[in-house]
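Trainee: Sharing a structure here in structure tokens format.
Number of protein chains: 2
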Amino acid sequence: MRILRFNDDAFEPTLQKIVNRGAAAQGDVCFTVQEIIDDVRRRGDSALFEHTEKYDRLRLTAETLEVSAEEIDQALAGVSEESLAALRLAAERIAAFHAKQKEQTWLSTEEEDVLLGQMVRPLDRVGIYVPGGKAAYPSSVLMNAVPAKVAGVPEVIMVVPMPGGEVNPHVLAAAHLAGVDRIFKVGGAQAVAALAFGTQSVPRVDKITGPGNIYVATAKQQVFGQVDIDMIAGPSEILIINDGSGDPAHLAADLLGQAEHDELASSILITTDDKIAKKVAKEVEKQLKELSRETIARKAIEAFGAIFIARDLDEAIAFSNRIAPEHLELAVDNPFEILPRIRHAGAIFLGHYTPEAAGDYLAGPNHTLPTGGTARFFSPLSTNDFVKKSSIVSFSRNGLERLGKEIVHIAELEGLEAHGRSVSIRLEK
Amino acid sequence: MRILRFNDDAFEPTLQKIVNRGAAAQGDVCFTVQEIIDDVRRRGDSALFEHTEKYDRLRLTAETLEVSAEEIDQALAGVSEESLAALRLAAERIAAFHAKQKEQTWLSTEEEDVLLGQMVRPLDRVGIYVPGGKAAYPSSVLMNAVPAKVAGVPEVIMVVPMPGGEVNPHVLAAAHLAGVDRIFKVGGAQAVAALAFGTQSVPRVDKITGPGNIYVATAKQQVFGQVDIDMIAGPSEILIINDGSGDPAHLAADLLGQAEHDELASSILITTDDKIAKKVAKEVEKQLKELSRETIARKAIEAFGAIFIARDLDEAIAFSNRIAPEHLELAVDNPFEILPRIRHAGAIFLGHYTPEAAGDYLAGPNHTLPTGGTARFFSPLSTNDFVKKSSIVSFSRNGLERLGKEIVHIAELEGLEAHGRSVSIRLEK
């Protein structure tokens, strides 16, 4: 693993390569996706079935489109007690954390003659996209469905492609534990279109969340406005800030936990200590050889991994704030001491016993996080993503008399006479 | 103004025409905007100046691009004491309401061996788009800048086109009152591009909010992801639910307050009372003739206005929930009684003394609201739009020992061995 200092010639080019790795050429994806969406919007079920047969080699009918109670039971029977217990623990911990994010409807009675407030309501119906095949992750099901249910969404609809009919029992088990209401065996842009516009069999939803490939991401972008969507995630990344403390083998393991995701994943360690830099590089090489996903992890480490040496923690923190990483580990002796100086990060893991993987599964916070520097302005997926708000305004006659003059005045400033008139007409008699 | 019942043949076509009025053909706007954005991104200031000269007939240099302290003083000198007082009152009330939306950083100490929390931070730098020329509204400045400042954003940058050098002193006065930090004399897609990517003179921001024409809206959509944006607003609308109580002249005035905005505005009254329906229709005609913006308001009322007669309040409420209106007035005798049954609305105005115009200016809640049925899933602009969050996770060794087995188990279920390894390696010795 390469080791660089800030004043090395290779530093800036290396960093730019890492930062820009997500800017993949989309080519004609955009056009293909638009055609699929239009087709499903126009023809409904029959288009949905045709595209599913084409892309997933699965022939569906209105009768077999939805996962049945028997299919759920069958899946649950194939999941070990131990796995169920682990998933249940994760679901409970995710629910407990997300319950703390819940906002209440409030009404301010500070003024005797004007009531103001904000009403919070769950969305009516939400769609959750879950990738199928190899990258079918039960943890993704939990991280999307549990917050929706905690928010109070009455109907959570899941779509998951089942290529060739293949189904991951743990994904169905997770859906069952999370309280998903209905599951449809479709994926790709056609599933996103079905959720956004509705078909004869798939009900229209208000928001679509969940990860997917470039076709799914593009489809979500194209239906945005028709429905709400969560953020569009780019390739994943970790940044570890280290002060020379801790075990190099642990730091190496955390870098590899990120790198095994996919070949575009980025793992960066920034440390104030030359010696630990060298030891971590050696450990990464050693542990890489023991990994089942060695090929993927090695490609990611070679292309988008780096160990940077900072003069001091100030420089390391400034670097982190420049990057705004998705995952940030503070592998230092006093992590809470530097927390207030972290301006941008999706999730922050503090101390030597908090590997990022803990956050991926069951610490409680969401693992859907802003990537590629968007932590500057985006937030982790949360309970608030599954509610919407309405402002509440109620004037008494006294209130309108007290404030009416200024309302009319501003309306006149803006040349909106009828606005002012709607106030003054009420105060005439 | 047309009066229709739910079972009239014309009901559904009329409603569809109203609901779909926002789906304007964009044609080549998309392409033009993309060219402007690419140009500003590549060439910075010089592209920004060229496009400003072309579209706004205003020749700028790096020295004159920014509104100076003298220009602000000059504008303030041209604003009456009464206007300043009205704008100041509005700014104070907006600030007070938005302060109540502020979320705090929290840390949960429920578990002795695991700390979890959520850190809330203001965005570093925000850009506010303010339309110039005729539709230059000081209230828009307040509704965007005040919440950003309440959220704690250190640097609020405003852009406002000044066609031919023309400047609205009330817009500058509002910016001054709201604490806007810098103002640039640019608008259109070129201003959005400058904010999103930065130029030699205009600093890059993290989020762009504020209304604009189709070029501005398209530009915001195209830079989304590079920066965050607020929602894309469609044409404005009001729905009034009435139970036969109240004064027909007041209801007519409220319908016209909406209609005078622009020709695409929609004003709908739904009432359970035949007689008030006829009286309101007559009042609308009478008041229309007295309006300075009669032509615009008349077009809007004729094309997208309607009075519907409902059998009862149940039917009226169901209709409202189907429409999910931007502005909803509950012009009934007991508005709080039906509030819990309102599922979707941007802002709700309760009772006979709460004209929507009160909310436009100084009640306190934001006037940037979801339009065109998107209140099903979008919320009013709020203080939370100007912050972002980071999750906080900190395990002690005990915590990792207590929960490590399940983390490793789920990692194995998902085939992510290195994830599990980052936990188990810490528990080996």
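Residue numbers (the numbering used here), protein chains in the order written: chain V, 1 to 429; chain E, 1001 to 1429. Backbone N, C-alpha and C fix where the C-beta goes; we use that ideal spot for every residue, glycine too.
(1) Judging by CA-CA distance, which residue of E/K1100, E/K1282, E/R1293 is the nearest neighbour of V/L416?
(2) On the three-state DSSP scale, how would you describe E/P1161?
(3) May I ask you to verify whether the region 1094 to 1114 of chain E touches the region 1387 to 1400 of chain E, counting CB pairs closer than 8 angstroms and requiring at least 3?
(4) Report yes or no: is there a C-beta of chain E within less than 8 angstroms of the C-beta of V/K289?
(5) Going by beta carbon distance, what residues of the same chain come within less than 8 angstroms of E/A1090, once the five residues before and after it are set aside?
(6) Looking at E/A1281: is its Cβ nearer than 8 angstroms to the Cβ of E/I1307?
(7) Check whether the Cβ atoms of E/L1065 and E/M1162 lie closer than 8 angstroms to each other.
(8) Below 7 angstroms CB to CB, which residues in the same chain sit around V/K279 once its five sequence neighbours on both sides are set aside?
(9) Do the region 210 to 230 of chain V and the region 1381 to 1390 of chain E touch if we need at least three Cβ pairs shorter than 8 angstroms?
(10) Could you tell me whether any Cβ in chain E is nearer than 8 angstroms to the Cβ of V/A25?
(11) If you drop the 5 nearest sequence neighbours on each side, which residues of the same chain put their C-beta closer than 6 angstroms to that of E/P1335?
(12) To the nearest whole angstrom, what separates the beta carbons of E/P1355 and E/D1254, a pair I think is in contact under 8 angstroms?
(13) Can you tell me whether DSSP reads V/D206 as helix, strand or coil?
(14) Quick check: what's the CA-CA separation for E/S1080 versus E/A1175?
(15) Under three-state DSSP, which class holds V/I392?
(16) Taking buried to mean at least 16 other C-beta atoms within 10 Å of its own C-beta, is E/F1031 buried or exposed?
(17) Give a yes or no on whether the minimum CB-CB distance between V/E285 and chain E is below 8 angstroms.
(18) What residue from V/D333, V/Q34, V/G198, V/E414 has the CA that sits closest to V/V126's CA?
(19) At a CB distance below 9 angstroms, what residues from the region 1351 to 1362 of chain E approach chain V? Give them in sequence order.
(20) Can you give me the Cβ contacts of E/Q1287 inside the same chain, cut-off strictly under 8 angstroms, excluding the 5 residues immediately before and after it?
(21) Would you grab the beta carbon distance between V/V120 and V/Q104 for me? Rounded to a whole angstrom, and I think it's under 8 angstroms.
(22) Looking at C-alpha atoms only, which residue of V/F11, V/R2, V/M1 is the closest neighbour of V/F319?
(23) Less than 7 angstroms between C-beta atoms, sequence neighbours within five positions excluded: which residues of the same chain meet that for E/D1045?
(24) So which of E/A1411, E/G1364, E/Q1190 has the shortest CA-CA distance to V/S108?
(25) When you compare each of V/I309, V/E326, V/A99, V/G132 to V/L4 by their alpha carbons, which one comes out closest?
(26) Go to E/V1180, then tell me how far its alpha helix (DSSP H) extends in each direction, as first and last residue.
(27) Within 8 angstroms (strictly less), CB to CB, does E/V1146 reach chain V?
(28) Please report the Cβ distance between V/T209 and V/D243, rounded to the nearest whole angstrom; I am assuming they are in contact, meaning their Cβ atoms lie under 8 angstroms.
(29) Considering only the alpha carbon of each residue, which of E/V1159, E/N1168, E/V1146 lies closest to E/L1177?
(30) Under a three-way DSSP split, which group does V/E237 fall into?
(31) CA-CA distance, V/A25 and V/Y215?
(32) Going by beta carbon distance, what residues of the same chain come within less than 6 angstroms of V/L291, once the five residues before and after it are set aside?
(33) Are at least three pairs of beta-carbons, each pair with one atom in the region 35 to 53 of chain V and one in the region 319 to 334 of chain V, less than 8 angstroms apart?
(34) For a minimum of 4 consecutive residues, which ranges assigned as the alpha helix (DSSP H) are wholly contained in the region 343 to 418 of chain V?
(35) Please go through the same chain and pick out, in chain order, the residues whose beta-carbon is closer than 8 angstroms to the beta-carbon of V/R93, but skip the five residues on each side of it.
Mentor: According to the data block:
(1) When only C-alpha atoms are compared, the closest one is E/R1293.
(2) Coil, per DSSP.
(3) yes
(4) no
(5) S1139, L1142, Y1361, L1362
(6) Yes. Within cutoff.
(7) Cβ atoms of E/L1065 and E/M1162: not closer than 8 angstroms.
(8) P248
(9) no
(10) Reliability of the predicted coordinates at V/A25 is poor, the pLDDT of 49 falling under 50, and the value obtained from them is presented with this limitation in mind. It does not: the Cβ of V/A25 has no partner Cβ on chain E nearer than 8 angstroms.
(11) L1350, G1351
(12) 5 angstroms
(13) coil
(14) E/S1080 and E/A1175 have their alpha carbons spaced roughly 16 angstroms apart.
(15) Judged by DSSP in its simplified three-state form, V/I392 adopts strand.
(16) Residue burial annotation: E/F1031 is exposed, with fewer than 16 other C-beta atoms found within 10 angstroms of its C-beta.
(17) no
(18) Taking each of V/D333, V/Q34, V/G198, V/E414 in turn and checking the Cα distance to V/V126, the smallest one comes out for V/G198.
(19) Within the region 1351 to 1362 of chain E, the residues whose Cβ lies closer than 9 angstroms to some Cβ of chain V are G1351, H1352, Y1353, T1354, P1355, E1356, A1357, A1358, G1359, D1360, Y1361, L1362, listed in chain order.
(20) If we look at E/Q1287 and ignore the five residues flanking it on each side, its Cβ neighbours are A1249, A1252, A1253, L1256.
(21) That pair is a contact at about 6 angstroms.
(22) V/F11
(23) Correct list, in chain order: A1062, T1199, Q1200, S1201.
(24) Here the closest residue by C-alpha is E/G1364.
(25) V/I309
(26) E/V1180 -> no alpha helix (DSSP H), and no H or E assigned at all.
(27) no
(28) 37 angstroms between Cβ atoms; not a contact.
(29) E/V1146
(30) strand
(31) Note on V/A25: pLDDT 49, under 50, position unreliable in the model; the coordinate value appears next. Whole-angstrom Cα-Cα distance: 13 angstroms.
(32) A297
(33) no
(34) 356 to 361, 397 to 413
(35) L362, A363, G364
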